[in-house]
Amino acid sequence: NINSGTFNINGVKAVGELYAKELRALGFTVEWIAMPDSLKRAGHLVAYRMGKKGKKLFLIGHLDTVFEPDMPANPFTMLNDSTATGQGVN
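My numbering applies: residue 148 is where the sequence shown begins, and numbers increase by one.
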């Protein structure tokens with residue numbers, strides 16, 4: 148569990164490094180693109196692996212979550228055996 152709220156730059160970078168490690172192990176070239184400090188965002192993880200033939204795949208996602216650094220690590224409450232409620236849960 149890594150706290151990676153949008154404005155938790157160190158947390159987002161830590162999640163990025165976790166993904167980068169796994170992607171490198173799969174043969175991807177990985178780079179981190181930093182954002183200007185004025186934007187107060189961590190940056191972007193870009194990974195690519197060049198193929199020679201076959202179909203192409205483009206995957207996009209995000210590394211941040213709704214949880215900010217001052218929020219509890221486990222902000223969920225179990226309502227019953229199969230239902231949880233908390234931040235980011237509808």
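A virtual CB, placed ideally from N, CA and C, is assigned to each residue, including glycine.
Treat the numbers as computed from the prediction; the structure is a model and nothing was measured.
Out of curiosity, what's the CA-to-CA distance linking residue i and residue j?
i: E215; j: N150; result: 7 angstroms
i: K200; j: M225; result: 48 angstroms
i: K187; j: A181; result: 10 angstroms
Taking the DSSP output, what are the residues bridged to residue i?
i: Y195; result: T176
i: N227; result: T230
DSSP on residue i, reduced to helix/strand/coil?
i: G158; result: helix
i: A189; result: coil
i: G163; result: helix
i: L206; result: coil
Should residue i and residue j be called a contact, given that it needs their Cβ atoms to be closer than 8 angstroms?
i: K160; j: A194; result: no
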